[in-house]
Structure formats: structure tokens, C-alpha cells
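*Asks:* Just so you know, we're using my numbering here: the sequence shown kicks off at 10 and counts up by one. Where is the CB? At the ideal position from N, CA and C, for every residue including glycine. Structure provided below as C-alpha cells; questions to follow.
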Amino acid sequence: MLNIRDSFLVGVGVIQSFIKLIFWRPDVVFTKGGYVCLPVGLAAKVLGIPLVIHDSDAHPGLTNRVLSKWAVAIGTGAPLEYYDYPKARSHYVGIPIAADFRELSEHERTMARTEWGIDIDFPLVVITGGGLGAHRINDAIVEKLSLLLEFTSVVLVSGTSQFDELNAMTPVNSNRFQLHPFVSEGMAKLLGGADIVVTRAGATTILELAALAKPTILIPNGTLTGGHQLKNARVYSDAHAVQIVDEDRLKTEPDVLVYAIKKLLKDTSERTRLSDNIAAFARPEAARDMADMIISAVR
């Protein structure tokens, strides 16, 4: 029933897209993937309007796989070898991110920690699962928090859905531990001040960490559509740019994350290697390069 409903909605979307594109008469259509882009892309094809697409994830979604047949230019967030797109029309541009995501000097890192009220005499680990949080990661960190605080300061960005529960189980915020439901401002400084970041494997988050040249432990969510986080993580793991902790193992052995953090904090050369390798993926001109592709499509 849901497939029938979705097919009907796509059909309605195509009709609406035809009407709007005829009315607006755009010189080019740019889409980022997602099912809502399919009707617009199809209408652009039929009307002869140049179509440009961008794919952030290393695993193309269904919409982009369909639209790539007609796109005049395709931008990718990961190197081209991870895509089946026509190479002649594809360009590895990265993902546009905010300009404040950049590598910090030692002095800037110290100042960032001071601004956040974090003890500068302990290494800092920042754990974040995104705006909605990551329950397994949150649970593992809270369960083993006392062990972590023996050798590092911790900032846990829990997401809004689990914040109240975790807030009742953890110490009050201090210069050694902080719990935040979400960070709307200053995330670049918080991550930039960290010695290690533990996070999911969302494409944009990883490229922000690349711009920061930050040693990173990824815990990809394998249940999301198409397993795209697993495939994102593989891109950087193949390049020895991140370390991976398996989420299924984390559920049964929460100590595995504590061990991974402690081992990496002790291994300065490994942190340097991860920092250098992930920084190689940074694309600070991604927004400009993508804009150039769109303008070229019009010409």
C-alpha cells in the first residue's frame, strides 16, 4: 500500500514540477538527492532544462542513480572510485561546509577549550551522534563514564531525545564533563579543541572533521537506508584516515570504546597519522567548485 501511495505522490509531484518549472523558466536545475528531488529532475529532463546533481554519501541513493542518467554534471562528496556514475560527467568536489571548520593551532585549541570551560590539563574527547543523538553510543559512554574521566575530559552531545534521561544519570556539567542536548553555535570550536572525536558516519560530519584535521573514531549506523554510513566509513577507513568501532560490538562490550579512546590518546604517532590522512579529504573550495559546475551547465 505504501508503494502505491508513494507512486501516486511522485506522479503528483511530477505534474506540480512541470507547472512550476514552466512558470519559473529556470536556466538550470540543481538537486541534492532524496525522493523529493525525483519529480523535479524528471520534469527538468522532459523540458530540456540542464540538470546538475550532487551526492554527499559514498553510496548513491535511488533518486540520484535515476537522475544521473540525464544529469549534465555530477558532483560527489567522496572520490569517484566509490561511485558508478559516468566519469566524464562526474567531479569529486567534496561537500560544502561552514568556513569556521578549519584546522586550529595549539593556541586556538587551548582558547577553544577555555571558552567552553573545559580543563586544559586533560585531553578532551567529544562524542556526538548528531541532532537526534545515538542511543547506543550515549548508553555506552554513560555506563563507562567513570573510567573515561580517569584519563580524559568528556563532552557528550547526546541529542535532544535522550537528554533528560542522561542528565539524571550523569554529573552536573563541569570542566571535566559536559552534557549538551544539541550545539547550535560554536560546534567548530568544540570539535576543533578536541584531541579525539567520536561520532557517527554522516558524510557532512566527516568532511567537517577532515577540515579540522581531527583524529576520529567512527561508529557507523548500519541500519540506515542503504547502509550509507557503513559505506561512508569505508571510504575513510580504506585511506587509514579514521578508526572504526562496530556498533553491534559496542552494545555487548561497551568497554571496547573506552579501550579504543585510551589506546588512541596514548599513541601520538597514530593520532598524527589519522589527522594527516583525514585532512587530505578536506575540500575547502567545495561550495565554489559546485557553483562553477552549475554555472557551466547553463553555459
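I'd like the list of long-range same chain contacts for L156, defined as Cβ closer than 6 Å, with 5 residues on each side in sequence excluded.
*Replies:* Translated into the one-based positions of the sequence shown, residue 156 becomes position 147. Closer than 6 Å at Cβ, skipping near neighbours: V267.
*Asks:* Can you tell me which of the three DSSP states T232 falls into?
*Replies:* If you number the sequence shown from 1, residue 232 lands on position 223. Residue state, collapsed to three classes: coil.
*Asks:* Looking at G86: is its Cβ nearer than 7 Å to the Cβ of M302?
*Replies:* Locating residue 86 in the sequence shown gives position 77, where the first residue counts as 1. Locating residue 302 in the sequence shown gives position 293, where the first residue counts as 1. It is not a contact, given that the beta carbons lie outside the stated cut-off.
*Asks:* Around the C-beta of V244, are 16 or more other C-beta atoms found within 10 angstroms, so that it is buried, or is it exposed?
*Replies:* In the sequence shown, counting from the first residue as 1, residue 244 sits at position 235. So V244 ends up on the buried side.
*Asks:* Short check: CB of L47 to CB of T72, under 7 Å?
*Replies:* Taking the first residue of the sequence shown as position 1, residue 47 is located at position 38. Taking the first residue of the sequence shown as position 1, residue 72 is located at position 63. Yes; because the gap between Cβ atoms is below 7 Å, this pair is in contact.
*Asks:* Alpha carbon to alpha carbon, how far is G138 from E159? Give it in angstroms, no decimals.
*Replies:* Here residue 159 corresponds to residue number 150 of the sequence shown, with the count starting at 1. Here residue 138 corresponds to residue number 129 of the sequence shown, with the count starting at 1. If I take the Cα positions, the gap works out to 23 Å.
*Asks:* Taking only the alpha-carbon atoms, compute the straight-line gap between T214 and I205 and give it to the nearest angstrom.
*Replies:* Start at 1 with the first residue of the sequence shown, and residue 214 comes out as number 205. Start at 1 with the first residue of the sequence shown, and residue 205 comes out as number 196. Approximately 14 Å between the Cα atoms of the pair.
*Asks:* For A220, which option in L60, V166, M178, A295 has the closest C-alpha, if you only look at C-alpha atoms?
*Replies:* Here residue 220 is taken as the residue at index 211 of the sequence shown, counted from 1. A220 has its Cα closest to that of A295, out of L60, V166, M178, A295.
*Asks:* Per DSSP, which one or two residues make a beta bridge with Y101?
*Replies:* If you number the sequence shown from 1, residue 101 lands on position 92. DSSP output for Y101 lists T85 as bridge partner(s).
*Asks:* Identify whether V135 lies in helix, strand or coil by the three-state DSSP scheme.
*Replies:* Residue mapping note: residue 135 aligns to position 126 of the sequence shown, counting from 1. Note: V135 maps to strand in three-state DSSP.
*Asks:* Give the straight-line distance between the Cα atoms of E115 and L283, rounded to the nearest whole angstrom.
*Replies:* Within the sequence shown, the letter at position 106 stands for residue 115. Within the sequence shown, the letter at position 274 stands for residue 283. So the two alpha carbons sit approximately 17 Å from each other.
*Asks:* Could you please give me the residues that DSSP links to L188 through a beta bridge?
*Replies:* Here residue 188 refers to the residue found at position 179 when the sequence shown is read from its first residue. L188 pairs with L165.
*Asks:* Would you identify the three-state DSSP class for D109, choosing helix, strand or coil?
*Replies:* Sequence index remark: in the sequence shown, residue 109 carries index 100 (1-based). Coil at D109, not helix or strand.
*Asks:* Taking the beta carbon of Y44 as the centre, do at least 16 other beta carbons fall within 10 Å, making it buried, or is it exposed?
*Replies:* Position 35 of the sequence shown holds residue 44. Exposed, since its Cβ has fewer than 16 Cβ neighbours within 10 Å.
*Asks:* Would you call the region 168-180 in contact with the region 124-134, where contact means no fewer than 3 C-beta pairs closer than 8 Å?
*Replies:* In short, these stretches do not touch, since the Cβ pair count stays below three.
*Asks:* Where D64 and K41 are concerned, what is the direct C-alpha to C-alpha distance, given to the nearest angstrom?
*Replies:* Looking up residue 64 in the sequence shown gives position 55. Looking up residue 41 in the sequence shown gives position 32. One C-alpha to the other measures close to 6 Å.
*Asks:* Is the distance from the Cβ of N230 to the Cβ of R258 below 7 Å?
*Replies:* By one-based count along the sequence shown, residue 230 stands at place 221. By one-based count along the sequence shown, residue 258 stands at place 249. Not in contact: N230 and R258 (Cβ atoms no closer than 7 Å).
*Asks:* Give the secondary structure of Q238 by DSSP, where H, G and I count as helix, E and B as strand, and everything else as coil.
*Replies:* Walking along the sequence shown from the start, residue 238 turns up at place 229. In this structure, Q238 counts as helix in the three-state DSSP scheme.
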